[in-house]
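Heads up: the structure comes next, in structure tokens.
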Amino acid sequence: QLGGQEVTEDVMTGSGWRAELRKAARRSIGSLSVGGTTAVFSGEQADLDALFERLHWKTLRGGG
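Residue numbers (our numbering): 5 to 68.
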């Protein structure tokens with residue numbers, strides 16, 4: 005849907021871009037401990053702009 009192909013478990017590539025997933029530090033919210041992931045993007049700026057525009061719509065969600 006975003007045009008990416010999985011290269012390894014933590015690397016995706018697409019037309020003009022690459023994304024690497026990295027484990028982020030756990031965060032505590034009260035008694036809840038939440039793990040996280042950081043995505044690091046690289047590539048040509050125009051390709052990244054197009055990717056981020058599509059990604060923006062995929063990551064929107066309602067509050068509540």
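For each residue, glycine too, the CB sits at the ideal point set by N, CA and C. It should be emphasised that the depicted structure is a prediction, and the values quoted were computed from it without experimental measurement.
Closest residue to residue i among the options (Cα-Cα distance)
| i | options | result |
| --- | --- | --- |
| threonine 42 | Arg26, Ser32, Asp53, Ser19 | Arg26 |
| alanine 29 | Arg22, Trp21, Val38, Ala23 | Val38 |
| glycine 7 | Gly34, Arg65, Leu55 | Leu55 |
| valine 44 | Arg22, Thr12, Glu10 | Arg22 |
| arginine 58 | Gly18, Ile33, Arg31 | Gly18 |
Residue i to residue j span [Cα, whole Å]
| i | j | result |
| --- | --- | --- |
| glutamine 5 | leucine 36 | 32 Å |
| aspartate 53 | tryptophan 61 | 13 Å |
| threonine 63 | threonine 12 | 22 Å |
Cβ neighbours of residue i in the same chain (closer than 8 Å, five flanking residues each side left out)
| i | result |
| --- | --- |
| aspartate 14 | Glu24, Leu25, Arg26 |
Cut-off 6 Å between Cβ atoms - residues of its own chain near residue i, not counting five sequence neighbours on either side
| i | result |
| --- | --- |
| glycine 20 | Gly47, Glu48, Asp51 |
Which full runs of the alpha helix (DSSP H) of 4+ residues lie inside the segment 6 to 33, going along the chain?
none
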